[in-house]
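Asks: Would you mind keeping the following structure in view while I ask a few things?
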């Protein structure tokens, strides 16, 4: 009940704060110019603005989060991007607010101001956190996603869990009380007085700081937050436990089957195939393969067994304007060695040469029908490079980006495509055929080039034959491939 009341009061405070913001900022900036603490105070005002902005953003997205809380809903590539981006902004804001400013006891003239700033920012942090938890809901999938280490979005491992532990702790509650008690009477100048009034206007102050009775009730409020966290963590940990068991079994089985191959691929080291393909490929083209001579191919659902992404050579990446990007720059040496293919293998996500990719029988090259804008291409290319080095996801969880399989690489990269998924032992997964079907009629890709059983298909027949592959029976496929050799 307290949380519901807080959320309501927070929303009413938005109206109050917006109507007084101009006066607050104007008076404060005049006073602070004379106080010698311009930088600290300017940063404080900036953080307040960001809290207001991100709280409003959360409230505006309440219907979206209500939709994705549905257990039947599967996070798509765009969801994963949006959630990571928005949560990263809020987590960074929370970290800056709870750790700012650093108070030095010997700065007597600024001590009360710093205490008031610290009090207000901690209260705003609690507001933003509670608003987030109420709107986002206790969703294990989302919480796991944003607790993953993710260099693309500047997220550390367990970043949400760490900041949550700080904000709902008894220590945090006591620190608010301590800084407030130390400086609540320091209204001897207009700046301090203005901040005090802002603090007193908050719902947290009115419910938990305004008198001794409310201060006692704040202990119960924080205790409920802590208990709620413990219950939720138990659920998240149990889900992760089940996922780890599934992932462990899959790891053993996949690595065992990956050892067995009856022969080499019919396109292996084929110079015509390699040169023709490299001539046709453009950055962000999808490449598919089938290796029927491998034991693993027998157990992969659908026709195609593996998918990768062509990220471009030096000239192409310079033309796109991403060659000097930090995520691309790390792999200059690999690219100069001809490693233009990014793929998720059982070892990890890596750059490889097209020649290494050629140990196959069947091959398809796909391209987006709607060419992305230059800015979108850059964003997608960088997102591909950001996946390099990640471990293989033997749990096959498409709603996590901590570890990925080959088809998840495409799910994350092509975030504007809504791929189909399957549910397997309670986990949502994507297969290579889910990627490949996007090149069928009505999909987001089209086939540029096609090889079957080592034979290149004529341009006029590529679409027709490609469309037959997912639905043809084994006898029909064998007959088709035999005809190619006649």
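Numbering (this note's numbering), first residue to last: 29 to 514.
All residues carry an ideal CB built from backbone N, CA and C; glycine is no exception.
1) Please classify residue 60: does DSSP put it in a helix, a strand, or coil?
2) So does the stretch 104-119 actually touch the stretch 180-195, counting three or more Cβ pairs closer than 8 Å?
3) Using alpha carbons as the reference points, say which of 229, 165, 126 and 302 lies closest to residue 202.
4) Touch check for the stretch 347-358 and the stretch 424-433: three-plus C-beta pairs under 8 Å?
5) Between which two residues does the alpha helix (DSSP H) holding residue 490 run?
6) Within a Cβ cutoff of 6 Å, which residues of the same chain sit near residue 483, ignoring the five residues on either side of it in sequence?
7) Using the three-state DSSP reduction, which class does residue 258 fall into: helix, strand or coil?
8) If you follow the beta strand (DSSP E) that residue 478 is part of, which residue opens it and which one closes it?
9) Return the residue from the list 442, 509, 373 and 395 that minimises the CA-CA distance to residue 431.
10) Under 7 Å: does the beta carbon of residue 382 sit that close to some heavy atom of the ligand HEM?
11) Keeping to the same chain, check which residues put their C-beta closer than 6 Å to that of residue 239; ignore five residues upstream and five downstream.
12) Determine the contact status of residue 315 and residue 439, defining contact as a CB-CB distance below 8 Å.
13) Sort out for me which residues DSSP pairs residue 432 with in a bridge.
14) So, at 7 Å on beta carbons, what are the nonlocal neighbours of residue 380 in its own chain, with the 5 sequence-adjacent residues on each side left out?
15) Does the pairing of the stretch 409-421 with the stretch 343-350 give three or more beta-carbon distances under 8 Å?
16) Contact check, residue 152 vs residue 76 under 8 Å by CB: the rounded distance?
17) Rounded to whole angstroms, how far is the Cβ of residue 223 from the Cβ of residue 334, which I believe are closer than 8 Å?
18) Of the choices 300, 306, 108 and 510, whose alpha-carbon is the least far from that of residue 436?
19) Within the continuous beta strand (DSSP E) that includes residue 380, where are the two ends?
20) What separation, rounded to the nearest whole angstrom, lies between the Cα atoms of residue 71 and residue 124?
21) Check this for me: beta carbons of residue 331 and residue 475, under 8 Å apart or not?
22) What's the gap between the Cα of residue 419 and the Cα of residue 462?
23) Give me the residue from 478, 473 and 404 with the minimum Cα distance to residue 106.
24) If you drop the 5 nearest sequence neighbours on each side, which residues of the same chain put their C-beta closer than 6 Å to that of residue 441?
25) Which residue from 329, 320, 397 and 311 puts its Cα closest to that of residue 343?
26) Quick one, which of 417, 159, 447 and 509 has its alpha-carbon nearest residue 195's?
27) Less than 8 Å between the CB atoms is what I'm expecting for residue 295 and residue 429, so what's the real figure, rounded?
28) Taking the C-alpha atoms as reference points, what is the distance between residue 421 and residue 170?
29) Over the uninterrupted beta strand (DSSP E) stretch that includes residue 337, give me the two end residues.
30) Is residue 277 helix, strand or coil when you go by DSSP?
31) Please name the residue, chosen from 243, 417, 507 and 217, that lies closest to residue 433 on a Cα-to-Cα basis.
32) For residue 253, I'd like the list of residues in its chain whose CB is within less than 7 Å of its CB, leaving aside the five on either flank, ordered along the chain.
33) Would you mind giving the Cβ-Cβ distance between residue 478 and residue 494, rounded to the nearest angstrom? I have them listed as a contact below 8 Å.
34) At the level of alpha carbons, what is the spacing between residue 285 and residue 319?
35) Pull up the distance between the alpha-carbon of residue 270 and that of residue 506, whole angstroms please.
36) Is residue 397 closer than 8 Å to residue 336 when the C-beta atoms are compared?
Replies: To lay it out plainly:
1) Only weak support is given to the placement of residue 60: the predicted model assigns it a pLDDT of 46, under 50, and the value that follows is read from those uncertain coordinates. It is helical.
2) yes
3) 126
4) no
5) 490-496
6) 512
7) Caution is warranted here: a pLDDT of 48 is assigned to residue 258, below 50, making its placement in the model unreliable, and no coordinate value can be reported.
8) 473-480
9) 373
10) You won't find the ligand HEM in this model; it holds no ligand whatsoever.
11) Excluding positions up to five away in sequence, the list is empty.
12) In this structure, the beta-carbon distance from residue 315 to residue 439 does not fall below 8 Å.
13) 420
14) Apart from the 5 residues on each side of it in sequence, residue 380 sits with its Cβ closer than 7 Å to the Cβ of 367, 369 and 371 in its chain, given in chain order.
15) yes
16) Between the beta-carbon of residue 152 and that of residue 76 there is about 6 Å, and that keeps the pair under the 8 Å contact cut.
17) Wrong, their Cβ atoms sit about 60 Å apart, outside the cutoff.
18) 108
19) 377-380
20) 10 Å
21) no
22) 21 Å
23) 404
24) Closer than 6 Å at the Cβ level, and outside the excluded window around residue 441, lie 408, 411 and 412.
25) 311
26) It is 159.
27) About 31 Å separates the two Cβ atoms, so there is no contact after all.
28) In a straight line, the C-alpha of residue 421 is about 18 Å away from that of residue 170.
29) 334-338
30) Interpretation of residue 277 is limited by its pLDDT of 40, a score under 50 that renders its predicted location unreliable; no figure is taken from the coordinates.
31) Nearest to residue 433 by C-alpha distance, out of 243, 417, 507 and 217, is 417.
32) 196
33) 6 Å
34) Below a pLDDT of 50, predicted positions are generally treated as unreliable, and residue 285, at 40, falls in that range; no measurement from the model is reported.
35) Confidence is the limiting factor: at residue 270 the pLDDT is only 46, short of 50, which leaves the residue's position unreliable, though a coordinate-based value still follows. Computed Cα separation, rounded: 40 Å.
36) no
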